[in-house]
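Scroll down for the structure; my scribbles are underneath it.
Residue numbers (this note's numbering): 48 to 733.
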C-alpha cells in the first residue's frame, strides 16, 4: 500500500530556492548599478555640453559687438592666446551702439576673458565698468597681463571698478587664434572674385601692404597672384592695383602690369605676380586714403563734347578722357535708313547741281543726325557701283532757317570746299570714295547745314551713289537743278528758283558722310566721391595727361556736404588750374572735379586725361582690406600683412572643459566637452 507525500519543501529544496533567489537579486543589482553608472555619465556629459555652449554664446555675444582694432591678447609674444581684452558699449534700440557727436562708438566697459589657475582651473570674465578711456595701448596690455597673473583685477589700472565672474570651473583647454587675411586664388578657369580679407587699424599716411604666397590648392599647378583692384581705404575707394607699381620690395620674381584682353578686368589690366614657390612676396606702399580716378566710367559722371575711351596708342594702354571727334559726325545712311546705296541711270546726272541738307536741329519732320561737334570738318563722297564719279564747285554752310527745312544758305557762313587745294575732286572708280581737304568750318550738332556741289559734265564721271529714303522723313532734304550754270552751286536762295528748274529727290545723292575734327572745347565732370569724413583735410589734386601742341587742359574742383552736391559752388564761379595744386575752397565731405579741354587750333589734336588723384589726411580707424583678385588654374594661396602685422578677419575660439566621474568601484573617469567656433566682431571705433 503506497503512502501519500506530505505537504511542504524539503531542506534541500529550500536551500536551492534561496540560492536561485540570491543569484537573481545579484544579477538585478548589477544591471541596476550599470544602468545607474551610464545614466550618471550621460547626465554629466549633457551638463558639460550645455555649459560649454552657454559659455561660448556669452563670449560670442560680447565679441560680436566689440572691435578688432581695440583688442589686446595674452601672451603678447604671439598666438594662440590664453586671454583677451576688448571694449564693450551700451546697447540701445536692440543692436544700436551709443555714439558720440563725432559718430564714434562710446565704449563703456573693458572685458577680459582669462584663466584663474587652481584645482580645478576656472574660466573667468573680469569686467571694468566704467572703462578708463585715459589708458594707453601699453597700459591696457599691462592691465590684461596683471589680471592673468593675479587671477583678478587686484592691483591693476581701474581696479576699483572691476568685478569678476566665474563662468565655469574644470577648464581643460582654451585658445584664441585671430585668423589671417588669406585668399585661395585657384579656379579651373581664369576669372575674378571680389573678397574682403580682413581688418586693420590704419593711421594717416603711407602703409606697406605685403602679399606673400603661403601655399596652393591641391588642384592648382602654380603659385601666381593677380590683383585687379585693391581697397584699403576707410572711404572704401577701389584703386587699380597695377597703378600702385613699382613695388617697394619683392622676392622670387617681379610684379608687372599685365594687359588682360578679355575686358572684364577694371582698366583692362591687372597687377600680375608670377610666383614660383611658397615664400615669394611683394610689397606695395599705399596711402591710408585717397581718390585715384583712373577709369573715369563710374556712375554719375557727365560729359559734354568729351568721351571716355580705351586708348591702345598709349604705353601702357589705358582709359582716358578726351574730346569727342575725329570721326563721322553725319552719315547719309543714318539719315535715310539705307545702308547700301543704289546707282543712277547711266549718264542721267551729268552736269547736275545737288544740294543736300544735313539736319542737326530737332525740326518738325526729323533731326539730330549729328554725333559730334567739330572745330573743322571734311566731306566724303562715294561713286555708284556702275561708273566713275567726280564733283566740283563744292560749298558748305548753315541753313538760312534754324527752325524749318530750308535749301537756302545763311550767306555769312558759306565756305568753299577744296580737294588737295583744287576746286574739282579727283575722279574715282565704281564704288570708291574720296575725301575733301579739312575745311575751316565748325560743326555745331544742334544746327542744320547744306552741302552744295556740281556733278562733272561728262557721261563718264556722273555716277554718284544714291541713298534712298526709307524713313519717309526727308522732306526738302535733297534737291537738284538739272539746267546747271556755274553759279548755281553757290546760289544762296534756291527758294527763288523757278519750280521748273528744281527737282526734289527721294534720297541723298553722292555725299556719303561728314567727318568732324575735335570740337573747340569740351568738359568732363566726375562722379561725386564720398570721403566719409565730415571735414577732411585735403591735400593736392594732381593729374597725368598728354597735352599736345596748342591744346589745353585745366581742372576745377569743388566740395559739398550733401551727397548730391546741391550746396557746392557752381562750376562757373570756380578758378581752373593747369597744374597740381592744393584743393581750394571750404573742405567738405564730398568732392568732385571738372576737366576743361580745348583742342589744337586745327582741331586735329586733343588733350588726353589719364588719371586724377586727390589726397586728404585719412582718419585713424579700422579699415576693411580687400579687393578684386584673379583666380585661375595656376594661381596660389596668399596672405596679406600691413606694416608687418597680419590682417585679422575673425577670431577662432577653441574651448574644452571636463568633469571627473567616480565609478561604482571607486574608479574615476574624465568626461570632456569641447566647442570650436569663429567669431567676427562687427564694429570698429568709428
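We put the beta carbon where it would ideally sit given N, CA and C, even for glycine.
Output yes or no for whether 9 Å exceeds the beta carbon distance between residue i and residue j.
i, j, result
"residue 700", "residue 103", "yes"
"residue 498", "residue 544", "no"
"residue 588", "residue 604", "yes"
"residue 495", "residue 557", "no"
"residue 663", "residue 594", "no"
"residue 454", "residue 526", "yes"
"residue 491", "residue 564", "no"
"residue 653", "residue 372", "yes"
"residue 304", "residue 675", "no"
"residue 167", "residue 222", "no"
"residue 213", "residue 156", "no"
"residue 227", "residue 271", "no"
"residue 546", "residue 402", "no"
"residue 637", "residue 596", "no"
"residue 466", "residue 487", "no"
"residue 181", "residue 257", "no"
"residue 725", "residue 220", "no"
"residue 579", "residue 282", "yes"
"residue 591", "residue 643", "no"
"residue 513", "residue 437", "no"
"residue 358", "residue 341", "no"
"residue 287", "residue 339", "yes"
Give me the DSSP bridge partner(s) of residue i.
i, result
"residue 643", "570 and 601"
"residue 119", "132"
"residue 274", "318 and 676"
"residue 218", "704"
"residue 693", "688"
"residue 264", "In the DSSP output, where bridge partners are listed per residue, residue 264 has none listed."
"residue 511", "430"
"residue 403", "498 and 525"
"residue 348", "Residue 348 pairs with nothing; no bridge assigned."
With a 10 Å radius around its C-beta and 16 neighbouring C-beta atoms as the bar for buried, classify residue i as buried or exposed.
i, result
"residue 346", "exposed"
"residue 540", "exposed"
"residue 311", "exposed"
"residue 179", "exposed"
"residue 97", "exposed"
"residue 575", "buried"
"residue 296", "exposed"
"residue 85", "In this predicted model, residue 85 has a pLDDT of only 49, less than 50, meaning its place in the structure is not dependable enough to derive any value."
"residue 660", "buried"
"residue 253", "exposed"
"residue 351", "exposed"
"residue 392", "exposed"
"residue 600", "buried"
"residue 83", "Residue confidence is low: residue 83 scores 45 on pLDDT, short of 50, so the model does not pin down where it sits. Its coordinate-derived value is still stated next. It counts as exposed."
Find the nearest neighbour of residue i within the set the options, judged by alpha-carbon distance.
i, options, result
"residue 251", "334, 596 and 551", "334"
"residue 31", "370, 386, 431 and 276", "Missing from the structure shown is residue 31; the chain here goes from 48 to 733 and no further."
"residue 691", "248, 364, 365 and 637", "248"
"residue 280", "665, 235 and 232", "665"
"residue 480", "616, 487, 133 and 561", "561"
"residue 673", "309, 306 and 694", "694"
"residue 388", "472, 113, 477 and 709", "477"
"residue 233", "726, 548 and 682", "682"
"residue 670", "722, 245 and 660", "245"
"residue 6", "441, 489 and 446", "Any property of residue 6 remains undetermined from this structure, which presents the chain solely from 48 to 733."
"residue 174", "482, 198 and 243", "198"
"residue 428", "422, 419, 439 and 420", "439"
"residue 260", "548, 320, 542 and 698", "320"
"residue 158", "105, 288, 123 and 196", "105"
For a test of the three-state rule: what should DSSP assign to residue i, helix, strand or coil?
i, result
"residue 49", "Because residue 49 sits at a pLDDT of 47, beneath the cut-off of 50, its placement in the model cannot be relied upon, and the point is left open."
"residue 663", "strand"
"residue 242", "strand"
"residue 501", "strand"
"residue 587", "strand"
"residue 374", "strand"
"residue 619", "helix"
"residue 307", "coil"
"residue 111", "helix"
"residue 535", "helix"
"residue 612", "coil"
"residue 192", "helix"
"residue 541", "helix"
"residue 99", "helix"
"residue 444", "strand"
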